[in-house]
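Chains as they are written, first to last, in this note's numbering: chain A, 660 to 871; chain B, 9 to 224. Remarks on the structure that follows.
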Amino acid sequence: MATFRLQSTRVLAVDLAGDAVKAKKGAMVAYDGEMTFKKMTGGGEGLRGLVTRRITGEAMEVMEVKGHGTCWFADRATEINLVRLTGDKLHVEAGNLLVTEPSLRTGTTFTGLRGASQGNGLFTTTVEGTGQAAIMSDGPAIVLRVTPGTPLVVDPGAYVAHTGRLTQQLRSSVGLRTLIGEGSGESFQVHFEGEGLVYVQPSERNTIGGQM
Amino acid sequence: MAFTRVNSKLVEARVVPGRRMFSQRGAMLAYRGAVTFTPSITGGQGGVMSMIGRRVANEATPLMIVEGDGLVMFGHGGHHIHTVDLTGETLYVEADRLLAFDGSLAQGTMFMGSQGGVMGVMRGQVTGQGLFTTTLQGKGSVAVMAHGGVFELPVTPGRPVHVDPQAYVAHRGEVRNKLATAVGWREMVGRGSGEAFQLELSGQGTVYVQASEEKL
């Protein structure tokens, strides 16, 4: 069983005893013991995954880390959040996924217009199954709960990931002011409804929506 | 202890008469008391010969001498700062990562090729650190800069630690370091895992690793 520990808010330590984890390519910073690193073509989802990821632009550079000992992961000093999944589904951008346990399946899903406004493309990565995953955020992420009756609105640039049964909808408040370049910078928002958790980072990616 | 941590990116140093400090030029943010900052023409300790040695080794960073009586705050470029207290051992660090250090420490340069032969020379090329590194020996404190926080990993005999060359910051103690390669056919055809080169540190000591693969 791979165990995930946070060494600090920006460094993840994974203890391995002969098993393997999937990690973002090149994210290893140190290890002790014996480890092997192998690139997994197509995100470890076989030929079908390879083709899907090429087409959808959710190309995920993944490597398999296998061995005995402890391996430390970090990427560009971004903050790391641990997510434990018990049969539910995590939606996350491929670039924000750091490490997943081998018991988790990864795939791609269509997000529609929301993706385009986030500057993320039309597709997102899903992680499914039971186990732990580590996701990255620019600055410490906050987890916001969505319940029926209390929907949540998020800036597309600050959205990192979500779990649970949520429906999402892109809303825009583009008016006359936006058209003449006097927008508030908050012309697009994502509405989440249903039951689940949304991870939001304290920083905004450059998005088309953010310019308006 | 010469340095007091103010926050993760700022340290405060107490300067007392008769005990000088060295710091990277321009790294002073604020000070209290009667403190003078003099550019060190020789770039650190030793005489002209040491200066020439550093110039040749490309380990010369503009340093200044901090003297007087007061409190000085150091920080640079928004980088995270990690302080190391030495009690007689040697710290191996790249000169451009040095923020400030006690004048009581003996500064020197070391040829990396002397550890590990040809691979030692290759190591400098792969890591972009060059063939030489700076050593600091004695009793005193050092403030080192890194991108994203630093964590310490102990190195014990029989349990070597492998570090990504880009994430390596510094090491101390009786540690041998060599470049380990895992270059296979996958790397040759451009399908590598991105972890083809690793620094293998063995012996007894501590290695400092940063939470990022970016250089300063």
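Where a beta carbon is used, it is the ideal one built from N, C-alpha and C, also for glycine. Keep in mind that this is a model prediction, so the values were computed, not measured.
Starting from residue i, follow its DSSP beta bridges and name the residues at the other end.
i      : result
A:P810 : Partner(s): none; A:P810 has no beta bridge.
A:G823 : A:G855
B:G78  : B:V23 and B:G41
A:I801 : A:V859
A:T759 : A:K681 and A:A792
A:T767 : A:T784
B:M59  : In the DSSP output, where bridge partners are listed per residue, B:M59 has none listed.
B:D110 : B:M29
B:E160 : B:Y216
B:P47  : B:M72
A:M722 : A:A682 and A:K698
B:G148 : B:L94
A:S667 : DSSP lists no partner for A:S667.
A:H750 : A:T785 and A:H821
Using alpha carbons as the reference points, say which of the options lies closest to residue i.
i      : options                           : result
B:V152 : B:M118, B:K186, B:E97 and B:V217  : B:V217
A:V680 : A:P810, A:V721 and A:G788         : A:V721
B:V92  : B:A38, B:G148, B:P162 and B:T117  : B:G148
A:C730 : A:M687, A:D747, A:G746 and A:L803 : A:M687
A:G677 : A:E693, A:L665 and A:Q666         : A:E693
A:T822 : A:T809, A:P815, A:V786 and A:G685 : A:V786
A:V805 : A:D797, A:G855, A:G788 and A:A689 : A:G855
B:G156 : B:R22, B:S220 and B:G83           : B:S220
B:V24  : B:T189, B:E203 and B:G111         : B:G111
A:G798 : A:H727, A:D691, A:A817 and A:D674 : A:A817
A:M699 : A:E723, A:G685, A:S862 and A:F663 : A:E723
B:L18  : B:Y100, B:H84 and B:I60           : B:H84
B:G86  : B:M36, B:V163, B:P70 and B:P162   : B:M36
B:P162 : A:L749, A:D747, A:A689 and A:N755 : A:A689
B:V101 : B:T164, B:H170, B:V56 and B:Q145  : B:Q145
B:Y39  : B:G78, B:V14, B:R13 and B:Q53     : B:G78
B:G166 : A:K697, A:D691, A:S796 and A:P807 : A:D691
A:K725 : A:D747, A:G853 and A:V673         : A:V673
A:Q666 : B:S16, B:V56, B:G61 and B:V158    : B:V158
Run down chain A in chain order and give the residues with a C-beta less than 7 Å from the C-beta of residue i.
i      : result
B:G157 : S667 and R669
Would residue i pass as an interface residue toward chain E - the criterion being a Cβ-Cβ separation below 9 Å?
i      : result
B:L161 : No chain E is part of this structure, whose protein chains are labelled A and B.
Note down, in chain order, every chain A residue with its Cβ under 8 Å from the Cβ of residue i.
i      : result
B:R167 : D691 and G692
B:H170 : A689, Y690, D691 and M694
Checking 9 Å against the spacing of the C-beta atoms, do residue i and residue j come in under that value?
i      : j      : result
B:V150 : B:A108 : yes
B:A178 : B:L224 : no
B:E97  : B:R28  : no
A:V857 : A:L811 : yes
B:M81  : B:S48  : no
B:L106 : B:T141 : no
A:A733 : A:L671 : yes
B:F11  : B:Q115 : no
A:A736 : B:E222 : yes
A:G728 : A:L763 : no
B:P168 : B:E203 : no
B:T69  : B:S58  : no
A:D814 : A:E752 : no
A:V661 : A:L749 : Going by the sequence as given, residue 661 of chain A is Ala instead of Val. No. Outside cutoff.
A:T767 : A:T783 : yes
Strictly below 9 Å CB to CB, what residues from chain B border residue i?
i      : result
A:M795 : Within 9 Å Cβ-Cβ: nothing; A:M795 doesn't reach chain B, min ~11 Å.
A:R735 : H155, G156, A219, S220, E221 and E222
Chain A partners of residue i, CB-CB under 9 Å?
i      : result
B:A175 : M687, V688, A689, W731 and A733
message = Across the segment 35 to 51 of chain B and the segment 848 to 863 of chain A, are there enough close Cβ pairs to call them in contact, namely three or more that are closer than 8 Å?
response = Under the 8 Å Cβ criterion, the segment 35 to 51 of chain B does not count as touching the segment 848 to 863 of chain A, having fewer than three qualifying pairs.
task = Count the C-beta pairs between the segment 753 to 760 of chain A and the segment 665 to 684 of chain A that are closer than 8 Å, then say yes if the count reaches three, no if not.
result = Cβ pair count under 8 Å is three or more, so yes.
key: Stretch pair the segment 783 to 793 of chain A + the segment 736 to 744 of chain A: three plus CB contacts closer than 8 Å   = As far as the Cβ criterion goes, the segment 783 to 793 of chain A touches the segment 736 to 744 of chain A, which means the pair count is three or higher.
message = Quick check: the segment 165 to 183 of chain B against the segment 204 to 223 of chain B, are at least 3 beta-carbon pairs closer than 8 Å?
response = Yes, the segment 204 to 223 of chain B is in contact with the segment 165 to 183 of chain B.
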